[in-house]
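I have placed the structure first, in the form of structure tokens, so that the comments after it can refer back to it.
Numbering (my numbering), first residue to last: 9 to 552.
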């Protein structure tokens with residue numbers, strides 16, 4: 009299969025920021041020269057209560073955005089002081105669900121010049137999984153992970169090789185606190201309602217996990233789980249024992265939840281819980297309790313690594329600064345494309361031919377038509393592989409079906425913005441050119457719209473060059489030369505194709521004539537097709 013690993017640029021010192029709903033966490037790490045581990049240089053945490061408002065308002069107001077930029081600016085300063093080569097910030101549910109989330113991230117990138125990206129719930133789950141894998145190398149058999157954040161809870165099932173189940177649920181501790189304890193005070197009735205709500209939401213997940221063989225070992229990540237484990241350590245008089253790897257039994261958790269509920273009803277402080285965590289610990293504890301009950305597990309093993317560590321592992325794997333026996337996880341982008349193709353029964357022959365031609369044109373026109381990095385090239389490759397996925401729904405308007413499936417089915421390893429760009433490139437491989445009234449166009453950030461139109465133009469040409477679906481073209485060579493006719497001058501871009509023995513490209517030549525206008529207008533040039541003969545070139549120029 010095509011889609012070999014494309015190394016991402018990046019140095020050995022990396023800062024990753026988890027832009028959570030309750031707090032922002034930054035970790036700065038340095039990869040080893042042996043590429044088998046990395047060291048944590050520093051960790052920074054900042055509470056962000058202002059972000060919780062966006063869970064109900066679905067909007068990041070100016071005050072929250074300014075505070076967010078201020079915190080990130082300080083974190084950036086600290087990261088550079090520690091020698092960071094690059095900074096990656098991942099935004100989760102609070103930003104994901106805000107109407108202006110993408111715009112807010114665009115402002116953050118503009119003001120701070122850091123790689124701030126919005127990720128889906130499933131991508132969040134994948135990164136958490138990587139963090140657990142790295143920090144718990146002795147995990148061998150099938151295991152489950154529960155990560156209770158402020159806005160969402162992720163439940164994952166897998167082994168060291170792959171994830172078999174990953175879902176994100178709107179069961180975050182801050183979200184549930186706002187919803188069920190609106191005045192800040194619980195009652196017996198609201199507590200009962202919250203227990204019922206969590207059980208109801210988790211019922212389908214529990215059934216699916218049971219079908220997959222069930223979870224015997226549950227790993228718990230996030231501040232909520234760690235806070236509950238700290239309470240358990242105090243109760244057992246074992247405060248000196250390491251938190252990572254602590255086993256929190258169902259029996260102990262039931263007693264802790266009962267204690268927290270009683271104290272909350274009496275409006276009494278919960279000992280051993282920080283002030284910022286005390287506001288949401290009750291809802292988070294109930295989520296963990298009902299998760300353990302639903303999954304039928306007797307204990308949760310605490311893992312102190314989570315999303316931010318997973319982000320480090322993911323980036324170091326993709327930049328080539330980490331091996332550590334995890335090579336199979338270094339190219340999640342191509343893997344997710346192949347998985348989506350398999351799910352919707354996309355024929356590989358045509359998809360790979362179009363992707364190869366598109367990639368060849370992209371590479372050979374770099375420095376002539378564009379200056380895009382290999383990262384953008386991978387977005388083009390992904391769109392080319394998936395451009396016909398909409399055929400699963402129906403031939404008519406299949407380019408629009410492709411857009412919908414790519415946009416909503418999830419492509420792990422990509423940010424939400426990248427998924428939107430891939431979907432839009434695929435959408436414009438045929439039919440109308442991009443218009444401001446199209447959802448596929450206006451939902452892409454202004455800074456990436458040229459990327460979209462340029463890559464869509466290349467894909468449209470590449471798709472034409474396999475119009476017959478017979479893969480008759482063996483090689484494409486790009487040549488640029490001046491062109492002048494009747495006083496009107498444009499550059500002439502020639503696509504010189506080598507055909508397989510005994511083949512012709514009549515269908516491809518006709519299709520290119522029909523489809524090349526978008527490419528020509530976008531790049532301000534004329535496009536021609538030439539067929540390479542065994543000796544020299546036999547010219548066959550497409551005409552308007």
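Glycine included, each C-beta is placed from N, C-alpha and C at the ideal position.
Here the structure is a predicted model, which means the values were calculated and not measured.
Query                                                                                                                                                                                 : Result
In terms of DSSP beta bridges, what is residue 384 paired with?                                                                                                                       : None, per the DSSP bridge assignment.
Does residue 483 come out as helix, strand or coil in the three-state DSSP assignment?                                                                                                : strand
Residues bridged to residue 627 by DSSP?                                                                                                                                              : Outside the modelled stretch of the chain, which goes from 9 to 552, sits residue 627, for which no answer is possible.
Where does residue 554 land, buried or exposed, given buried means 16+ other C-beta within 10 angstroms?                                                                              : Nothing in the structure corresponds to residue 554, since the chain is present only between 9 and 552.
Which term fits residue 169, buried or exposed, when burial requires 16 or more other beta carbons within 10 angstroms of its beta carbon?                                            : exposed
Does DSSP classify residue 170 as helix, strand or coil?                                                                                                                              : coil
According to DSSP, which residues form a beta bridge with residue 34?                                                                                                                 : 25, 52
How many whole angstroms separate the CB atoms of residue 315 and residue 26, which I take to be in contact at a CB cut-off of 8 Å?                                                   : 5 Å
Enumerate in chain order the residues of its own chain whose CB-to-CB distance from residue 530 is below 7 Å, with the five nearest sequence positions on each side excluded.         : 461, 462, 465
Label residue 480 either buried or exposed according to how many other C-beta atoms from any shown protein chain fall within 10 Å of its C-beta, with 16 as the threshold for buried. : buried
So the beta strand (DSSP E) residue 533 belongs to, where does it begin and stop?                                                                                                     : 533-540
Assuming residue 105 contacts residue 73 (C-beta within less than 8 Å), just tell me the rounded distance between them.                                                               : Residue 105 to residue 73, Cβ: 15 Å. No contact.
Could you tell me how far apart the beta carbons of residue 175 and residue 156 are, in whole angstroms, since I believe they sit closer than 8 Å?                                    : Incorrect: roughly 14 Å between the Cβ atoms, too far for contact.
Can we say the segment 133-146 touches the segment 315-334, given the rule of at least three CB pairs closer than 8 Å?                                                                : yes
I need the straight-line Cα distance from residue 392 to residue 434, nearest angstrom please.                                                                                        : 7 Å
Just the Cα atoms here: how many angstroms apart are residue 33 and residue 54?                                                                                                       : 7 Å
With respect to the beta strand (DSSP E) encompassing residue 307, which residues constitute its N-terminal and C-terminal limits?                                                    : 307-310
Taking the alpha helix (DSSP H) that residue 345 falls in, what are its first and last residues?                                                                                      : 340-351
If you draw a straight line from the C-alpha of residue 422 to the C-alpha of residue 379, how long is it?                                                                            : 21 Å
If you drop the 5 nearest sequence neighbours on each side, which residues of the same chain put their C-beta closer than 8 Å to that of residue 454?                                 : 114
Restricting to runs no shorter than 3 residues, where is the beta strand (DSSP E) found entirely within the segment 140-184?                                                          : 151-156, 161-166, 171-177
How many Å lie between residue 357 and residue 477 at the Cα?                                                                                                                         : 8 Å
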